[in-house]
Amino acid sequence: MNYISTRNNQITQRFSHAVLDGLSHDGGLYVPESLPDLSGYLTNPVSYTEMACGVFTSFMAPDFTPGKIQAMLDSAYSSFSETNVVKLKQYDLFNVLELFHGPTLAFKDIALQFLGQVLSELLAREGLSLTVLGATSGDTGGAAIAGLAGNDQCRVFMLYPTGRISKVQEAQMTANISDNIFPIAIDGSFDDAQNIVKQLFADAEVRQQLNLTAVNSINWCRIMAQMVYYFYAYQLAHNNDRNITSLSFSVPTGNFGDVLAGYYAYRCGLPVNKLIVACNSNDLLARIFESGVYQPLDSKSTLSPAMDIQVASNFERLLFELSGRNSEYIKEKMAQLQSDGLFEIEDEIMASFRQLFEVYSISDTETADMMRTMSRAGFQVDPHTAVGMCAKERSLEENVICLSTAHPIKFSESIKQITGTDVPCPTGIAELLNGSQRKYNLSNQISDIKSFLLSRP
Ligand SMILES: *Cc1c(COP(=O)(O)O)cnc(C)c1O
Numbered sequence: 001m002n003y004i005s006t007r008n009n010q011i012t013q014r015f016s017h018a019v020l021d022g023l024s025h026d027g028g029l030y031v032p033e034s035l036p037d038l039s040g041y042l043t044n045p046v047s048y049t050e051m052a053c054g055v056f057t058s059f060m061a062p063d064f065t066p067g068k069i070q071a072m073l074d075s076a077y078s079s080f081s082e083t084n085v086v087k088l089k090q091y092d093l094f095n096v097l098e099l100f101h102g103p104t105l106a107f108k109d110i111a112l113q114f115l116g117q118v119l120s121e122l123l124a125r126e127g128l129s130l131t132v133l134g135a136t137s138g139d140t141g142g143a144a145i146a147g148l149a150g151n152d153q154c155r156v157f158m159l160y161p162t163g164r165i166s167k168v169q170e171a172q173m174t175a176n177i178s179d180n181i182f183p184i185a186i187d188g189s190f191d192d193a194q195n196i197v198k199q200l201f202a203d204a205e206v207r208q209q210l211n212l213t214a215v216n217s218i219n220w221c222r223i224m225a226q227m228v229y230y231f232y233a234y235q236l237a238h239n240n241d242r243n244i245t246s247l248s249f250s251v252p253t254g255n256f257g258d259v260l261a262g263y264y265a266y267r268c269g270l271p272v273n274k275l276i277v278a279c280n281s282n283d284l285l286a287r288i289f290e291s292g293v294y295q296p297l298d299s300k301s302t303l304s305p306a307m308d309i310q311v312a313s314n315f316e317r318l319l320f321e322l323s324g325r326n327s328e329y330i331k332e333k334m335a336q337l338q339s340d341g342l343f344e345i346e347d348e349i350m351a352s353f354r355q356l357f358e359v360y361s362i363s364d365t366e367t368a369d370m371m372r373t374m375s376r377a378g379f380q381v382d383p384h385t386a387v388g389m390c391a392k393e394r395s396l397e398e399n400v401i402c403l404s405t406a407h408p409i410k411f412s413e414s415i416k417q418i419t420g421t422d423v424p425c426p427t428g429i430a431e432l433l434n435g436s437q438r439k440y441n442l443s444n445q446i447s448d449i450k451s452f453l454l455s456r457p
């Protein structure tokens with residue numbers, strides 16, 4: 001499969017290039033040149049990794065053979081506590097797909113464990129070394145570190161805001177870590193961290209000395225890896241009840257990565273009624289849905305910090321698809337965003353957006369109410385999952401699966417505060433919290449971070 005950029009559909013790259021580059025050089029995002037029909041994987045009962053291998057084969061050919069893909073999948077998911085990676089459960093009135101059984105207890109492990117395998121293999125093949133640089137509001141950092149730990153050809157620098165992430169999240173980035181990992185606690189906010197990272201990516205000296213890459217959800221490999229659990233959820237739901245022949249999903253959303261994977265699953269043959277986009281009060285997507293205007297505003301802090309984002313980068317891919325893969329259109333809109341801070345989406349494109357998607361912005365009050373209601377029913381849910389459940393309640397759809405993106409222990413402080421209940425500590429977490437921690441405390445000055453980055457051998 002070749003990959004094209006959303007801003008230039010003439011240039012084609014192989015899968016391995018799309019993964020190593022992350023972002024295309026014209027600023028666009030990579031998308032596959034064509035979308036395979038994967039509907040053959042819907043109902044035959046197979047294991048999660050068998051299904052994943054089937055889904056990935058056409059996207060990764062000819063760079064990776066099915067045998068190699070299967071081996072990488074087996075290593076990627078061996079650290080999960082569920083043999084089949086995810087679990088479909090009933091929480092009171094909700095159907096919940098638990099995506100948090102990986103090493104850092106958030107859904108990002110599913111994509112980053114596999115991306116870690118792919119990067120190791122590509123670096124070894126090409127004899128390259130790479131510096132992964134990122135900013136995290138909590139979950140991405142831990143999952144990226146867990147996916148890339150111990151890989152000598154790849155160093156990971158992860159910036160996070162001191163004191164603004166949960167204890168478990170910090171321990172996952174700093175405890176018992178290998179030598180190639182550099183967690184950097186900066187004296188500033190997540191936005192500061194994000195800005196520093198953006199500036200470092202644009203810095204000529206840094207680019208000249210380091211082979212930089214990003215592992216955020218603009219990387220196609222992450223979207224591809226996340227498509228699998230939508231197909232797998234269908235297999236589980238259909239095999240439980242043969243009358244179920246199509247599903248809707250409610251997806252807690254920040255950067256639009258997770259729900260975009262659901263969209264690509266739909267385009268590859270999964271019968272989907274609606275994709276319910278659940279945002280917190282960072283309501284960019286809800287405003288687009290209402291008005292057809294894309295206008296990022298300042299982000300607000302909420303109970304669900306992994307979704308406190310006001311630029312939904314992956315929305316560019318959806319717009320590319322909905323515009324009939326028109327890269328000139330995307331280029332024009334993105335230039336307008338740069339110059340005017342907003343752009344308008346035409347009625348025709350909005351109509352196809354509204355046909356498949358619903359978008360709801362959920363307040364902290366509603367989120368906390370949902371967490372209390374679920375707690376009274378005997379289920380602890382983290383605030384992100386609760387946002388998705390609130391959106392499901394607003395929708396009129398039936399047969400909705402709510403994606404649960406984080407284990408409650410990751411947000412035990414807010415669960416305790418809101419519901420008054422303690423979250424039991426799963427195996428391994430107590431050891432992690434007591435483990436020896438290594439981190440680097442730096443200011444929020446770009447010069448400090450830059451000299452740290454360049455001074456590491
Ligand atoms: C990252 C994250 C999200 C948002 O996912 P996107 O792909 O950015 O939309 C939701 N919940 C949790 C717990 C997360 O870590």
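Note that UniProt numbering gives residue 39 to position 39 of the sequence shown, counting from 1, and the numbers run on in steps of one.
Where is the CB? At the ideal position from N, CA and C, for every residue including glycine.
- prompt: Does DSSP put R14 in a helix, a strand or coil?
  reply: R14: strand per DSSP, three-state reduction.
message: Let me check one thing: in DSSP terms, what residues is M158 bridge-paired to?
response: Answer by DSSP bridge pairing, in chain order: G134, P183.
task: Given a cut-off of 7 Å, decide if A135 and P103 are closer than it, judged by their beta-carbon atoms.
output: No, they are not a contact pair.
query: How close, in whole Å, do the beta carbons of G22 and A214 come, if the pair is a contact with beta carbons under 8 Å?
result: Your pair G22 and A214 checks out as a contact, with CB atoms roughly 5 Å apart and the cut at 8 Å.
- prompt: With which residues is A171 paired in a DSSP beta bridge?
  reply: A171 is not bridged to any residue.
query: What does Q90 pair with, by DSSP beta-bridge criteria?
result: N95.
query: Out of curiosity, what's the CA-to-CA distance linking T131 and I244?
result: Their Cα atoms are separated by approximately 46 Å.
task: Using DSSP bridges, identify the partner residues of S404.
output: Among the bridge pairs identified by DSSP, S404 is matched with E98.
- prompt: Alpha carbon to alpha carbon, how far is Q209 from R456?
  reply: In a straight line, the C-alpha of Q209 is about 11 Å away from that of R456.
message: Mapping the DSSP letters down to three states, classify F249 as helix, strand or coil.
response: In this structure, F249 counts as strand in the three-state DSSP scheme.
message: Closer than 8 Å is the cut-off here; do at least three beta carbon pairs connect the segment 234-243 with the segment 348-355?
response: No, because fewer than three Cβ pairs between the segment 234-243 and the segment 348-355 fall closer than 8 Å, the two stretches do not touch.
- prompt: Would you call the CB atoms of C390 and M370 closer than 7 Å?
  reply: Yes.
- prompt: Quick one: does the C-beta of G262 sit closer than 6 Å to a heavy atom of ligand 1?
  reply: Not under cutoff, so the answer is no.
field: Any 3 or more C-beta pairs closer than 8 Å across the segment 220-236 and the segment 259-269
entry: Counting Cβ pairs under 8 Å, three or more are found: they touch.
field: Contact under 7 Å by Cβ, T419 with R372
entry: Taking 7 Å as the Cβ cut-off, T419 and R372 qualify as a contacting pair.
query: How would you write the range of the beta strand (DSSP E) that K439 sits in, first residue to last?
result: For K439, there is no enclosing beta strand (DSSP E), since its DSSP letter is neither H nor E.
field: Burial state of D298 (16 or more Cβ within 10 Å)
entry: It is exposed - the Cβ of D298 has fewer than 16 other Cβ atoms within 10 Å.
task: Examine ligand 1 and report whether any of its heavy atoms sits within less than 6 Å of the Cβ of M307.
output: M307 Cβ: within cutoff of ligand 1.
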